[in-house]
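Under the working numbering, the sequence shown is numbered contiguously, ending at residue 714.
Where is the CB? At the ideal position from N, CA and C, for every residue including glycine.
No experiment lies behind these values; they were computed from the predicted model shown.
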Amino acid sequence: MHPRHSVILELVNSTGRISVVDLSSQLGVSEVTIRQDLTQLENQGFLKRVHGAATVLDSEDPEHRLWTNSKIKQDIANYAYSLIGRDDCVLIEGGSVNVMLAKLLADRSDVTIITSSSYIAHQLRASKAEIILLGGQYQTSSESLVGPLTRLCIEHVHFSKAFIGVDGFDVQTGFTNRNMMRADIANAILNKHQEVFVLTDSSKFGRIHPAAIGPTSLIKHVITDKHAPENALQWLKKEGVQVHVI
469 MHPRHSVILE
479 LVNSTGRISV
489 VDLSSQLGVS
499 EVTIRQDLTQ
509 LENQGFLKRV
519 HGAATVLDSE
529 DPEHRLWTNS
539 KIKQDIANYA
549 YSLIGRDDCV
559 LIEGGSVNVM
569 LAKLLADRSD
579 VTIITSSSYI
589 AHQLRASKAE
599 IILLGGQYQT
609 SSESLVGPLT
619 RLCIEHVHFS
629 KAFIGVDGFD
639 VQTGFTNRNM
649 MRADIANAIL
659 NKHQEVFVLT
669 DSSKFGRIHP
679 AAIGPTSLIK
689 HVITDKHAPE
699 NALQWLKKEG
709 VQVHVI
């Protein structure tokens with residue numbers, strides 16, 4: 469991918485929507501060049517072009533994403549919940565399944581929840597659990613905290629289990645995310661070398677996004693549904709990942 473395209477995707481994903489004029493100004497190239505770049509990226513399935521601007525391909529809004537495959541996502545969240553024991557300290561990153569998992573944990577006073585998602589923290593405002601919200605740059609599109617300060621916070625907290633969301637998986641690329649800044653946080657979590665779970669419904673399989681999450685060897689578990697492609701599940705097992713099919 470052209471380096472300029474990577475920058476464009478980072479800007480689009482971090483803001484949700486950005487104009488051709490702003491992209492031209494920030495990247496120091498003509499608006500004609502930006503329009504050509506956006507056409508290429510739209511054709512590759514990375515973003516959506518609208519009049520005079522570019523927007524994220526799919527909404528990052530957690531409330532919006534909860535409505536997609538909600539029954540399957542709830543089943544995945546229920547299973548993940550069953551794996552969390554008494555006195556566990558868990559880190560829950562963003563994503564719709566993780567929101568559902570956090571809501572299930574709200575009535576438990578025997579767990580500590582660390583999260584980089586302000587949306588999740590708000591959902592848990594009346595929770596009996598101890599809630600730790602990581603600091604960082606507030607990303608409005610996903611209602612989460614990202615950036616160097618968030619990574620620093622992750623380095624200084626300890627947890628027994630972590631649950632992260634993804635936007636895509638392919639055997640050629642591994643797990644990916646459309647949002648480079650959220651992927652950066654997921655990778656910071658992986659670098660803690662704790663027990664990491666990927667919670668994802670089968671619709672994410674076969675999708676490839678710009679930001680890599682991995683290496684896959686640092687992911688201990690994948691929880692997904694029965695519609696996930698068998699070749700992908702077998703590949704994950706060969707990589708040492710424990711696959712849970714709901």
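(message) Per the DSSP calculation, C557 is bridged to which residue(s)?
(response) According to DSSP, which records beta bridges pairwise, C557 is partnered with T580.
(message) Between the alpha carbons of I544 and K688, how many angstroms are there, rounded?
(response) 16 Å
(message) Using only the alpha-carbon positions, how far apart do F665 and V713 sit?
(response) About 13 Å.
(message) For the structure I just gave you, are there three or more beta carbon pairs, one from the region 630 to 649 and one from the region 671 to 687, closer than 8 Å?
(response) yes
(request) Please go through the same chain and pick out, in chain order, the residues whose beta-carbon is closer than 8 Å to the beta-carbon of R503, but skip the five residues on each side of it. (result) Contacts found: V488.
(message) With three or more beta-carbon pairs closer than 8 Å as the criterion, would you say the region 616 to 633 touches the region 592 to 604?
(response) yes
(request) Mind reading off the beta-carbon distance from L506 to R472? Whole number of angstroms is fine, and I expect it under 8 Å. (result) No, L506 and R472 are not in contact; Cβ-Cβ is about 11 Å, not under 8 Å.
(request) Note the first and the last residue of the continuous beta strand (DSSP E) segment covering S487. (result) S487 -> beta strand (DSSP E) spans R485 to S487.
(request) Apply the 10 Å Cβ neighbour rule to K541 and answer buried if 16 or more other Cβ atoms are within range, or exposed otherwise. (result) Around the C-beta of K541, 16 or more other C-beta atoms lie within 10 Å, and the residue is accordingly described as buried.
(request) Compute the distance between the beta-carbons of V456 and L667, then report whether it is under 9 Å. (result) This structure cannot speak to residue 456, because the chain is shown only from 469 to 714.
(message) Suppose you measure from the CA of K706 to the CA of T644; what does that come to, to the nearest Å?
(response) Near 19 Å, if we compare the C-alpha coordinates of T644 and K706.
(request) Excluding the 5 residues preceding and the 5 following S796 in the sequence, name in chain order all residues of the same chain whose CB lies nearer than 6 Å to its CB. (result) Absent from the structure is residue 796, since the part of the chain shown begins at 469 and ends at 714.
(request) Measure the alpha-carbon distance for A654 versus Q702 and round it to whole angstroms. (result) 23 Å
(message) Looking at the secondary structure, which residues open and close the alpha helix (DSSP H) in which K705 lies?
(response) E698 to K706
(message) Quick check: the Cα distance between L491 and V690, rounded to an integer number of angstroms?
(response) Looking at the two C-alpha atoms, the distance is approximately 37 Å.
(request) Closer than 8 Å by C-beta to K516: which residues in its own chain qualify, once you throw out the five before and the five after it? Chain order, please. (result) E510, A522, T523, V524 and L525
(request) Quickly, what does DSSP pair L506 with across the bridge? List them, please. (result) Paired residues: none, contrary to the question.
(request) Could you check what DSSP says for N511 in three-state terms: helix, strand or coil? (result) helix
(request) May I have the straight-line CA-CA distance separating S584 from T501, to the nearest angstrom? (result) 36 Å
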